[in-house]
Structures are given as structure tokens and as C-alpha cells.
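Counting in numbering that gives the first Met the number 0, the sequence shown runs from 0 upward without gaps. A short write-up of the structure that comes next.
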Amino acid sequence: MTTLQRLLAKTAVAMAALLLAPLAGAQPDPWSESYRLEYVGKYADALSLIEPIANRQPVNEFAIMRTAWLLHLQGKYAESEKRYQRAAEVNPRSLETRLGIMLPQMALYRWNDAIQTGRKVLAESPWNYTAHVRIMVCEEALSRWEDLSKHAAEVSARYPADATLLVYWARAEAALKRSRKAKELYAQVLERVPGHIEASTYVRHVP
0 MTTLQRLLAK TAVAMAALLL APLAGAQPDP WSESYRLEYV GKYADALSLI EPIANRQPVN
60 EFAIMRTAWL LHLQGKYAES EKRYQRAAEV NPRSLETRLG IMLPQMALYR WNDAIQTGRK
120 VLAESPWNYT AHVRIMVCEE ALSRWEDLSK HAAEVSARYP ADATLLVYWA RAEAALKRSR
180 KAKELYAQVL ERVPGHIEAS TYVRHVP
């Protein structure tokens, strides 16, 4: 190794030491650590890092929403809904918070409540994809097949490349014993998602 190479190597080591030194004793950022803990399934630990921020002044809307989500992941649906409601009070214009409220309502099988919450989103954002799909989940759970068929058809016209909407539409048609239409729709699903298990099974086994 030449003198210049040794000098460059020592400089690189010194620079690395300078860059890493401040990190050695630093406390982990609560946000990044909470995402890491969520990723590994430690939802309660992730929540404990964000809870103090959510309860701090001035109000941190996102921190409240994140605690609502982490409560939902723990199966604490009633608490999650209350937390989402708190976020909605902070920012009544938030569509995202209303979509969040739908999650614990659906988890608690409060399908009609979730539909009403979703409709509040649609009142301000008529073709909000997430709201429409979650309402479809509720319509399916309530076996409102005719409603689901019309709903999915209408939204699918706005999102023609989307396979999920076609699946809900096909399920409704199948439940209504309109197998020809269901088969046609499942065939369209397979064009978008080749090998889709539900669609493949229906097309293969229903004459």
C-alpha cells in the first residue's frame, strides 16, 4: 500500500468515526422506532412511544391517528374508534380520519355504522376508492347482493382496470344466481390477475 493509499484509508476511518460518534449515545427517534416495532408485531410497544406525543400540546393530529391505528392492530377496536373520533374533532375536514373510523366499526361487525361513515366521505369525495370498497365489504357482510351488484358496477366503470371491484361484482352476481354474468366478470378478473384463485375456481367449476 502506498503512502497516499494509507493516508486515504486513515482519513476514511476517521470520517466514519466522526459520523457515527453522535449516533452512539443517541436515543432512537420515537417515530422510526415505532414503525420498526409495528413491523415486527410489537404494537403495544409501538403505541407506548407515540402515546406521549399524542397527548402533548400543541395537538399533533397525526400522532392521534397513529395511536388509533396501533390500537386497532391490537384488537382494541372500541378504543381505536374513540381515538379516531378524537382526531376527527381536531380536524373535522379529514377524510382520512373518517376512513379510519370505518375500520374498528367493521371489525366490530357494525356494518351499518361503517356504511354511514363511508357515505360521509363520499359526500365530500364521491369517487373515493377506499370508501367505496369498504362499503362493499359491508354490503357483502349484510348479504345485500343487489345493492352490491349495482354499487360495484358503478364504481368499476370509474376504475375499469381494478380487479377488486370486479371480484365484488362477480360475488354479487354469483349470489344472485346469475352465473353467466358472474363467470364473465371472473374472466375479466383473470385478465387483470392471472391465476386469481377465486376467479379461477369459479370459471373452472361453474358451467
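By construction, the Cβ of each residue, glycine as well, lies at the ideal position given by its N, Cα and C atoms. Since this is a predicted model, take the numbers as computed values, not measurements.
From the options, residue whose alpha carbon lies closest to that of residue i
| i | options | result |
| --- | --- | --- |
| E183 | V192, A169, R157 | A169 |
| P206 | A113, A181, E197 | A181 |
| R232 | Y108, L107, I114 | Because the chain spans 0 through 206 in this model, residue 232 falls outside it and cannot be assessed. |
| E60 | K75, Q73, C137, R82 | R82 |
| R118 | L94, Y42, L141 | L94 |
| V89 | W110, R109, Y108, M64 | M64 |
| L165 | H131, R157, Q26, V188 | V188 |
| V132 | I52, M101, Y108 | M101 |
| E153 | I52, N111, Y128, Q26 | Y128 |
| Y108 | A186, E190, L141 | L141 |
Exposure label - residue i; buried when at least 16 CB within 10 Å
| i | result |
| --- | --- |
| W126 | exposed |
| A23 | Only weak support is given to the placement of A23: the predicted model assigns it a pLDDT of 48, under 50, and the question is left unresolved by the model. |
| T200 | exposed |
| P103 | buried |
| I196 | exposed |
| E288 | Summary: the structure shown does not reach residue 288, with the chain confined to residues 0 through 206, and so no result is reported for it. |
| S155 | buried |
| G40 | exposed |
| R226 | The displayed coordinates of the chain run from 0 to 206. Any statement about residue 226 would go beyond what the structure contains. |
| A160 | exposed |
| P51 | exposed |
Sequence-distant residues of its chain with Cβ nearer than 6 Å to residue i (five each side left out)
| i | result |
| --- | --- |
| P29 | L48 |
| A45 | S33, L36, E37, L69 |
| A106 | Y76 |
| A53 | A62, I63, T66 |
| G194 | none |
Same chain only: Cβ atoms within 7 Å of residue i, ignoring 5 sequence neighbours per side
| i | result |
| --- | --- |
| Y167 | M135, E139, L147, A151 |
| Y42 | L69, L72, Q73 |
| E172 | S148, K180, A181, L184 |
| E78 | L70 |
| W144 | A171, A174, L175 |
Contact set for residue i: own chain, Cβ-Cβ below 8 Å, skip 5 residues either direction
| i | result |
| --- | --- |
| A86 | E60, I63, M64, A67, S93, T96, G99 |
task: Could I get the ranges of all uninterrupted alpha helix (DSSP H) runs contained in the segment 75-142, with 4 residues as the minimum, in chain order?
output: Taken in chain order, the unbroken stretches of alpha helix (DSSP H) that lie wholly in the segment 75-142 and span 4 residues or more are 76-89, 94-106, 110-123, 128-140.
- request: Could you pull out every unbroken alpha helix (DSSP H) segment of at least 4 residues lying fully inside the segment 49-74, listed in chain order?
  value: As far as the segment 49-74 is concerned, its whole alpha helix (DSSP H) runs of at least 4 residues are 60-72.
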